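So the protein sequences, as listed, match chains A, B and C. Just so we're aligned: 137 in this note's numbering is position 143 of the first sequence, and the numbers increase by one with no gaps anywhere. Just so we're aligned: 767 in this note's numbering is position 195 of the second sequence, and the numbers increase by one with no gaps anywhere. Just so we're aligned: 209 in this note's numbering is position 45 of the third sequence, and the numbers increase by one with no gaps anywhere. Down below is the structure, laid out as structure tokens.
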Amino acid sequence: MRWRPSPEALRLALPVMALAALLVSVFVMRPNVMGYNGLHLLFKLGIPIALATLAQMVIMSVNDLDLSMGSFVSFVACVTATWLVDAPLIGALMLAGAIAVYAALGMVIAARGLPSIVVTLGMSFVWAGLAVLVLPTPGGTAPGWVAAVMGARPALMPVGIAGSILIAVLAHLLIMRSSFGVLIRGVGGNERSVSRAGWSVLLARGAAYATAATFAVASGITLVGLMTSADANIALRYTLLSIAGVILGGGEFTGGRVSAIGAVVGALTLLLAGSFLTFLNVPPDWQIGAQGMILILILALRLLLVRLERRGARA
Amino acid sequence: MSLLRKPWIWSFVAAGLVWFVTIMATGGASTIGLTQATLTFAAFSVIVGTGQMFVITLGPGNIDLAVPATMTLAGTVALKYMDTQDALILPGLGIAIGIGIGVGFVNYALIKALRIPPIIATLAMSFIIQSAAIATNRGLRIKPPDAMADFTTGLTLGIPNVALVALGITGVAWVVLMRSVYGRQISAIGQSLPAARMAGLPVDGLRLATYVLCATLAAVCGFLLACFSGGAALNMGAEYLLMSIAVVIIGGTAVAGGDSNVPGIWGASLFMFLVVSMLNTYGFGAGVRLILTGLIIISVILLASGRQGATR
Amino acid sequence: MTATPLLSVTDARVRFGEVRALDGVTLAIRQGECIGLVGHNGAGKSTIVNVINGGLTPQEGQIAADGAPLMHWSVTEARARGLRCVFQELSLCPNLTVTENTRLMHRGSLGGWGWRGRARAVISAALDTVFPGHGINPAATVGALSIAQRQMVEIAMAFSDAGIAPRVVILDEPTSSLDAGLAAQLLDHVRRFVGQGGAVILVSHILGEILNTATRIVVMKDGRIAAERPARAFDTAGLVAAMGSTAKAQARGTQGGRDAAEVLRLTLPRGLPFVARKGEVIGLAGLGGHGQTEALVALFEAASPAWWPARDPAVTFVAGDRRLNGTFDLWSILRNMSVASLPDLARRGLVQAGAEAARGAEWKDRIGIRTPDMGLSILSLSGGNQQKVLFARALSTRAPVVLMDDPMRGVDIGTKQEVYDIIRAEAAGGRTFVWYSTEMDEMTLCDRVYVFRDGIIAADLSGDAISEHAILAASFAGAA
């Protein structure tokens, strides 16, 4: 029997190769980033973006989409920079409450058959409003322990890279390896047969939303640790970035096909793409546009890959 | 009592209530001013909302997120081209409309060719359009031609001109939706795409036309808004992303598609602007305003799903 | 045969609207037997299977397990008692691996640390027993497996034991995507399983499988059990005869001449070609799901543009699955009827209300839609009348070819007769009908019948050659 790479490996290969290619191009253009400090700066924001992308990935694994990710992470950042510093217990309770709201949303969406896009769109207003109420003007400070963790300088590699790897491994264990992760992805893949086997799809969806919210909370906290202050708009672009990261990392919009490691790689690739475009002297005007084109390009490549995969399966 | 059974009546009732409460706060001093401001600002939401409504009518998952970027690009390019000259107003409008048509075509091309959900296709597209707008604008704020500035800020018989334009557009939209073959056919698509296809409708052509229509209305709105506010700003479309969707849903159009509602867009747009001015009048900040907007959208969806559940 | 039945159904009756799907069926499943269940479309096979596996509660009748009557019978209860079912549709999660699917299917018994190893052991053991030398890697994603491999995993899953041993296994067309060697392995296992005291219900359209594997054969017809005998008391001819009804000659018009103009052609990758001529009524027969609907959709897609409006429609379609691709539930009866011919009813792009109402009134009378007002919701109509609306929608277009996808499903006999008359009249007027039906009587109304089996046209019958026996023989492999 001839060895053939599994479809999962093929799917992961695309984002990994994109990341490697970007990294090499950045090194060629700017050899001085090759050191510890250069890499530190390059991947500084990797941890919060990776976490937000994983949060979106969990929502997408049950065939939903969260358009409030950016404003939710912003809200968490605002709570972290204020309450979590001044009154840690109340701050922690607020974040726990937010996770509970997510779980409830997941179950309401499932029970009433609502479109997740519209519900989360409405929630994006709510989180944005709460963020403004918590922190009306940019400011606040990072809790000491968060700043300490995010400011650490591990021996082998910068904290952005080390943290991303750690997060990817943990998320992989939870979503890809545990019974719980199998259940969530099973709901995305074939809800009917999962419920026929005796599981409660409603609870599974609620749990998926709670898990996503937990990742998003972690994203907001680490973000404040890096920026040392917060504002109500700090993470608005995470909504789009997280969706694009999941897709880039080999995830699909429907069918429960996601990859935790892929999502983290996808998030880092998008992060690096920003720096790459700057180094490439793409005028800042076209930076957002270039991101849009990258997204389209990725989706086109993906379609090609799926076609090849199908042809392979038929042969 | 048949009027009470129309889903759009509630948005008007709500708008009337909020209007009354706001007037009370000021002791009736600003009645005319508030009404005119409301009509003006509602008009812009109405125009983009109408386009968005046609897209939402196409059924679950259909949504155009490129609306704000299209508004900005159309406003920016048209104003730059007109360069404050009154003689170039019509060609300028033509350019805005052309941009809308082009964006709509590319939107649907992406949806169809890449087989991706409309939300992602229009999102990616909006990035590109936004960049194009930034590149055209370069931070310059070009004033609109005087005639256009006067027209968009002026009144006719005490009613703001932009409100009259919006009224005209919604009038046509209503006829198209209720009486035309096209309106009937997109309602069919929204109820069931497979059934519409098997009834022999040219579904791809109809969906393409709808995305083009939506982008065109957004472009026209961007053109008017840029003239109204004395120049195109790069973030001028931003608030219309969520607003265009919110007014459609609050106005009683079914999120699940197939059942759309033109008068409701007016009620909802008036309501949304009045809520903002009421909260401002009573001294509430942006935070409360945003939260309330979100909660209104969510409760309207919940109520609508309950209504459907009851009749099923 | 004195042992207490593992499971028994007594006098079960199920009605779907006007249709009696089960009309008093009594069936007992005992240890150590394999029941072969055969019958044509609509005979009640899948209904009785659904009643047994807990998916459907009969309106009347009793279910007993291990001799004790049950008040509450559900899928979960059935699974807990060791009943397993292999459905024709895919019931695995295509995005998960075989091992992960095993974990989900055994909810209570595989949790905790190291579940992966245990799940892998369970499914590997089952695969090795049923399909020795299967070559399926339990770590492979189900979506990446071939259709045959998926089917093998589904079957192995049903026979797998992770705490609750399988006692009764229902196999619904289990060999439909397996090749001969794999099918033989499966049937060997069924015999082994039965020999060890298990019980199997086997539904198949391949009569050889039934005759060679089953210990007892149950023939169903019209929601009843038509014959029930030990397998050795049957042979192929006997089975086909038992499935059919006493042959009754139907009046048949033969307006569609063999030499009339050809209006449609469809080239299928294998099997006989499809050709339709002007004025012909062509039947598509065979067991459900053997490629008839796909052929109709292919014909439709080829002749109906998706990007621009057709000036003169070439084909029109009558849906059988009203909920999926037939009715527009938010609309009135009139709008549902007129949707396919709106351009004909419009002037300058606007639908003319008067013309639409007149067209509606004309067809309301012609096809007999029983409603006081065409402005009422389509959902106010009975299923049969909704179906008439779909007929009116198609027939009121100018299209010369009408494609019909089993349109009489769940329609009462009176309505059927009325529609048959209209079809004959329209065909006499030069319209062509391509008619997929799962009902035998309707095929005998056609000028010509294509019998489908396994996605290809297996037989082309015309004129007096169209008979229930000929269609049954062509539908079941090994009976021709």
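Just so you know, even glycine gets a beta-carbon here, dropped at the ideal spot from N, CA and C. Just so we're clear, the structure is a prediction, and the values are computed from it rather than from any experiment.
Residues of its chain near residue i, where Cβ-Cβ distance is below 8 Å and the 5 sequence neighbours each way are ignored
i: residue 498 of chain C; result: 520, 521, 524, 538 and 539
i: residue 555 of chain C; result: 482, 531, 571, 583 and 586
i: residue 760 of chain B; result: 767, 768, 771, 773 and 830
i: residue 594 of chain C; result: 442, 443 and 564
Nearest-angstrom Cβ-Cβ length linking residue i and residue j, presumed shorter than 8 Å
i: residue 688 of chain B; j: residue 682 of chain B; result: 7 Å
i: residue 818 of chain B; j: residue 844 of chain B; result: 6 Å
i: residue 54 of chain A; j: residue 276 of chain A; result: Wrong, their Cβ atoms sit about 29 Å apart, outside the cutoff.
i: residue 864 of chain B; j: residue 594 of chain B; result: About 14 Å; that fails the 8 Å criterion.
i: residue 63 of chain A; j: residue 233 of chain A; result: 5 Å
i: residue 249 of chain C; j: residue 358 of chain C; result: Not a contact, Cβ separation roughly 17 Å.
i: residue 328 of chain C; j: residue 273 of chain C; result: 7 Å
Other residues of its chain near residue i: CB distance less than 6 Å, five sequence neighbours each side excluded
i: residue 650 of chain B; result: 664, 667, 668 and 795
i: residue 219 of chain A; result: 136, 140, 141 and 144
i: residue 820 of chain B; result: 621, 624, 625 and 628
i: residue 212 of chain A; result: 45
i: residue 170 of chain A; result: 254
i: residue 153 of chain A; result: 146
C-beta atoms of residue i and residue j nearer than 8 Å
i: residue 42 of chain A; j: residue 263 of chain A; result: no
i: residue 97 of chain A; j: residue 204 of chain A; result: yes
i: residue 203 of chain C; j: residue 385 of chain C; result: yes
i: residue 597 of chain C; j: residue 369 of chain C; result: no
i: residue 165 of chain A; j: residue 48 of chain A; result: yes
i: residue 255 of chain C; j: residue 286 of chain C; result: no
i: residue 391 of chain C; j: residue 383 of chain C; result: yes
i: residue 439 of chain C; j: residue 429 of chain C; result: yes
i: residue 527 of chain C; j: residue 505 of chain C; result: no
i: residue 101 of chain A; j: residue 196 of chain A; result: yes
i: residue 713 of chain B; j: residue 515 of chain C; result: no
i: residue 215 of chain C; j: residue 178 of chain C; result: yes
i: residue 99 of chain A; j: residue 113 of chain A; result: yes
i: residue 672 of chain B; j: residue 126 of chain A; result: no
i: residue 88 of chain A; j: residue 73 of chain A; result: yes
Helix, strand or coil at residue i according to DSSP, with G and I counted as helix
i: residue 788 of chain B; result: helix
i: residue 198 of chain C; result: strand
i: residue 581 of chain C; result: helix
i: residue 538 of chain C; result: coil
i: residue 414 of chain C; result: Because residue 414 of chain C sits at a pLDDT of 49, beneath the cut-off of 50, its placement in the model cannot be relied upon, and the point is left open.
i: residue 373 of chain C; result: helix
i: residue 325 of chain C; result: coil
i: residue 161 of chain A; result: helix
i: residue 362 of chain C; result: coil
i: residue 304 of chain C; result: coil
i: residue 616 of chain C; result: strand
i: residue 593 of chain C; result: coil
i: residue 844 of chain B; result: helix
i: residue 548 of chain C; result: helix
i: residue 420 of chain C; result: Caution is warranted here: a pLDDT of 47 is assigned to residue 420 of chain C, below 50, making its placement in the model unreliable, and the coordinate value is therefore given only provisionally. Note: residue 420 of chain C maps to coil in three-state DSSP.
i: residue 188 of chain C; result: strand
i: residue 802 of chain B; result: coil
i: residue 508 of chain C; result: helix
i: residue 25 of chain A; result: helix
i: residue 342 of chain C; result: coil
Proximal residues to residue i (C-beta, below 7 Å), its chain only, five neighbours per side dropped
i: residue 289 of chain A; result: 238
i: residue 868 of chain B; result: 822
Any chain E beta carbon closer than 8 Å to residue i
i: residue 179 of chain A; result: No chain E is part of this structure, whose protein chains are labelled A, B and C.
At 4 residues or longer, what runs of the alpha helix (DSSP H) sit wholly inside the region 582 to 650 of chain B? You should have 603 to 629.
Which whole runs of the alpha helix (DSSP H) in the region 32 to 79 of chain A are 4 residues long or more, in chain order? Runs of the alpha helix (DSSP H) inside the region 32 to 79 of chain A: 40 to 55 and 63 to 75.
Go through the region 189 to 233 of chain A residue by residue and report every complete run of the alpha helix (DSSP H) that reaches 4 residues or more, in order. Within the region 189 to 233 of chain A, the complete alpha helix (DSSP H) segments at least 4 residues long are 195 to 221, listed from N- to C-terminus.
Going residue by residue through the region 206 to 281 of chain C, where are the continuous alpha helix (DSSP H) segments of at least 4 residues, counting only ones entirely within it? Taking 4 residues as the shortest admissible run, the region 206 to 281 of chain C contains the following complete alpha helix (DSSP H) segments, listed from N- to C-terminal end: 209 to 216, 239 to 244 and 262 to 269.
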